[in-house]
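Chains L and R are the protein sequences, given in the same order.
Going left to right, the first sequence walks through residues 1 to 221 as full-length UniProt numbering numbers them.
Going left to right, the second sequence walks through residues 1 to 232 as full-length UniProt numbering numbers them.
Built from N, CA and C at the ideal position, the CB exists for glycine as well.
Have a look at the structure below before the remarks.
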Amino acid sequence: MNVLNFVQAFFSDGAHWHGYDGIPTRFLEHVRYAALALAIAAAIGLPVGLLTGHTGRGGNAIAFVANAARALPSFGLLVLAVLLIGFGLLPVMIPLVVLAVPPILVTTYEAVRTVDPAPVDAARGMGMRESRILFRVEVPVALPLILSGLRSAAIQIVSTATIAAYVSLGGLGRYIIDGLYQRNYEKVVGGATLVALLALVTLALFWAVGRLAVSPGVRRR
Amino acid sequence: MNGFFDIPSDLQHSWAGLIGLHLREALLPVAAGLLLALPLALLCNRFRWLYPPVLGVTTMLYAVPSLAFFVVLIDYTGQTELTVMIPLALYSLVVLVPAIADGVRSVPDETLSAATAMGFGPVRRYLQVQLPIAAPAIIAGLRVATASSISLVSVGALIGNQGALGNLLAAAQKYDRPELAANAVVTTAVLAILCDAALVALRRALTPWMPRSGRERTAAPREELLTKGAAR
């Protein structure tokens, strides 16, 4: 009845490493759902956050949208979406994107808005166009904070993407849901361990991206 | 034919009953988490080396999906409310411990010295000076933990009708009545918003020295905290 025994038993069972229900397949499925959801959420949150942060307008609207999105329960949205749309990838993406947009949107807005005004004014004085000011001055300075918003969103998506299994899709949630109905705790614990591992990998990935993408001058501060 | 508020009888609760159940299952864990987090944060501030490992452990716990947590706990606590509430209490720690520890630590040294000079002992100084000054940060953490908790209770429906309003989601599928799922989502969201408003009001009542209106944003929870919360 020890959780560690379950973990050991799960990972040493050769049957868990092959085929459509094998760890590699489920892991990749999970990564695919998470990456897709993060991409959609970033496509929504980043442009809006950059624009509003640059102009400094719409902060209240953003706070309102973010709070409203946070109040929506992911699991409830999933079930509702499945009942209204039917099974498929779309009803899974809805709660994941709703979950991920607020952190991306709010941190991007705050990051760009709080950039030191002196270099921005200097850039404007040098005759840079607004779009160049945004992408050449504000974004590089705001990048660490913007990345931290994306990272929080990614961690939450990774952990929440397990609900995809509840509506017949794959991913690591498969082990948790199937384990629940089969009373196979070994599977549940194994699935949970894999999700936690993927969360750690995500953290490491964002750390590496930060090292590569953030300018050394900004990082040193 | 079937109304928005016609709750199937197998849930054994009225709509209002489900709301009460939901609030209890969501808020008791946050209260328990607060009780746990206060001494933990105190220890983390007393022994600085303790802070990173404590944060690491709470983050690891948070990375475990709630459903997996529930299922593992069934063995120990059965298909009961307690099984839902224990993980929620542990999840709240990931927000509350840093909120309290950082909030208490941000109290200026002059303030502490003044309290000491006035003859405050360490315990009284902590309770009467540090905690009240840290109140906005602590309540910011509570707001995140509460919103997350209210959202997560619904998942309890998967372990046998322990999800309060989430049970409506299961019923919606069983009886093919999408309006019940809509009811669950809307009611949960409204509960989250009302609890959030109540916490904001509590902060205003606890910190009369802070500006009441206007720029609310200084007291708004730090986004870093917020993003740890939200829902799963």
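Can you name the residues of chain L whose CB is closer than 7 Å to the CB of Thr-188(R)?
Indexing the second sequence from 1 puts residue 188(R) at position 188. Within chain L, the residues near Thr-188(R) are Pro-73, Gly-76.
How would you call Ala-213(L), buried or exposed, if buried means at least 16 neighbouring beta carbons within 10 angstroms?
As a working note, residue 213(L) is residue 213 in the first sequence. The residue is exposed, with fewer than 16 neighbouring Cβ atoms inside 10 Å.
Given a cut-off of 8 Å on the beta-carbon distance, is the pair Gly-156(R) and Val-84(R) in contact?
Taking the second sequence and counting its residues from 1, one reaches residue 156(R) at position 156. Taking the second sequence and counting its residues from 1, one reaches residue 84(R) at position 84. Yes, the Cβ-Cβ distance between Gly-156(R) and Val-84(R) is below 8 Å.
For Arg-57(L), return the contacting residues in chain R, with the cut-off set at a CB-CB distance below 8 Å.
The residue given as residue 57(L) occupies position 57 in the first sequence. Simply none; closest approach about 14 Å.
Please report the distance separating the alpha-carbon of Val-107(R) from that of Val-94(R).
As a first step, residue 107(R) must be located in the second sequence, where it is residue number 107. As a first step, residue 94(R) must be located in the second sequence, where it is residue number 94. Their backbone Cα atoms lie some 21 Å apart in a straight line.
Excluding five sequence neighbours on each side, which residues of the same chain lie with their C-beta closer than 7 Å to the C-beta of Thr-202(L)?
Looking up residue 202(L) in the first sequence gives position 202. Within the same chain, Thr-202(L) has close Cβ partners Ala-154, Ile-155, Val-158.
Go to Asn-183(R), then tell me how far its alpha helix (DSSP H) extends in each direction, as first and last residue.
Within the second sequence, the letter at position 183 stands for residue 183(R). Here the alpha helix (DSSP H) through Asn-183(R) covers 178 to 206.
Beta-carbon spacing of Ala-37(R), Leu-127(R) below 8 Å
As a first step, residue 37(R) is located in the second sequence; it is residue number 37 there, counting from the start. As a first step, residue 127(R) is located in the second sequence; it is residue number 127 there, counting from the start. Going by C-beta atoms, Ala-37(R) is not nearer than 8 Å to Leu-127(R).
With three or more beta-carbon pairs closer than 8 Å as the criterion, would you say the stretch 124 to 134 of chain L touches the stretch 8 to 17 of chain L?
no
Contact belief for Ala-184(R) with Leu-169(R) at Cβ below 8 Å, rounded distance in angstroms:
For the purposes of this step, residue 184(R) is taken as residue 184 along the second sequence, with counting starting at 1. For the purposes of this step, residue 169(R) is taken as residue 169 along the second sequence, with counting starting at 1. About 5 Å separates the two Cβ atoms, so the contact holds.
With 8 Å as the threshold, decide whether the Cβ of Asp-75(R) is near any Cβ in chain L.
Residue mapping note: residue 75(R) aligns to position 75 of the second sequence, counting from 1. At least one chain L Cβ lies under 8 Å of Asp-75(R).
Could you tell me which chain R residues have their CB closer than 8 Å to the CB of Ile-176(L), listed as they occur along the chain?
Counting from 1 along the first sequence, the entry for residue 176(L) is found at position 176. Going along chain R in sequence order, the residues near Ile-176(L) (Cβ under 8 Å) are Pro-65, Leu-67, Ala-68, Val-71.
Alpha helix (DSSP H) segment containing Ser-149(R), residue limits:
Position 149 of the second sequence holds residue 149(R). First-last of the alpha helix (DSSP H) with Ser-149(R): 131 to 152.
Is Val-153(R) closer than 8 Å to Val-188(L) when the C-beta atoms are compared?
Position 188 of the first sequence holds residue 188(L). Position 153 of the second sequence holds residue 153(R). No, these two residues do not count as a Cβ contact at 8 Å.
Using a Cβ-Cβ cut-off of less than 8 Å, give me the residues of the stretch 188 to 199 of chain L that come near chain R, in sequence order.
Val-188, Val-189, Gly-191, Ala-192, Val-195, Ala-196, Ala-199
CB contact check: Gln-162(R) to chain L, cutoff 8 Å
Position 162 of the second sequence, counting from 1, holds the residue named residue 162(R). By this cut-off, Gln-162(R) is not an interface position.
Sorted by chain position, which residues of the same chain lie with C-beta nearer than 8 Å to Leu-180(L)'s C-beta, five sequence neighbours on each side aside?
Numbered from its first residue, the first sequence carries residue 180(L) at position 180. For Leu-180(L), where only same-chain residues beyond five positions count, the Cβ hits under 8 Å are Val-188.
Note down the Cα distance separating Val-97(L) from Arg-203(R), rounded to an integer number of angstroms.
Working through the first sequence from its first residue, we reach residue 97(L) at position 97. Working through the second sequence from its first residue, we reach residue 203(R) at position 203. If I take the Cα positions, the gap works out to 31 Å.
With 16 other CB atoms within 10 Å as the buried threshold, where does His-18(L) fall?
Here residue 18(L) is taken as the residue at index 18 of the first sequence, counted from 1. It is exposed - the Cβ of His-18(L) has fewer than 16 other Cβ atoms within 10 Å.
Here's the rule I'm using: 16 or more other beta-carbon atoms within 10 Å means buried, otherwise exposed. How should Thr-162(L) be labelled?
Stepping through the first sequence from its first residue, residue 162(L) is reached at position 162. Counting Cβ neighbours within 10 Å, Thr-162(L) comes out buried, since at least 16 surround it.
Cβ of Ser-159(L) less than 8 Å from any chain R Cβ?
Here residue 159(L) corresponds to residue number 159 of the first sequence, with the count starting at 1. Yes, contact with chain R.
Helix, strand or coil at residue 262(R) [DSSP, three-state]
Chain R is shown from 1 up to 232; residue 262(R) falls before or after that span and cannot be answered.
The stretch 160 to 178 of chain L in contact with the stretch 48 to 62 of chain R per 3-pair CB rule at 8 Å:
no
For Pro-132(R), which residues in chain L fall below 7 Å Cβ to Cβ?
Here residue 132(R) refers to the residue found at position 132 when the second sequence is read from its first residue. None at all; the shortest Cβ gap to chain L is about 26 Å.
Give me the residue from Ile-138(R), Tyr-91(R), Ala-68(R), Gln-130(R) with the minimum Cα distance to Ser-113(R).
Start at 1 with the first residue of the second sequence, and residue 113(R) comes out as number 113. Cα-wise, what sits closest to Ser-113(R) is Gln-130(R).
Does Pro-87(R) come within less than 8 Å of chain L when only Cβ atoms are used?
By 1-based counting over the second sequence, the position of residue 87(R) is 87. Judged by the 8 Å Cβ criterion, Pro-87(R) is not in contact with chain L.
Which term fits Gln-12(R), buried or exposed, when burial requires 16 or more other beta carbons within 10 angstroms of its beta carbon?
Residue 12(R) sits at position 12 when you count from the first residue of the second sequence. It counts as exposed.
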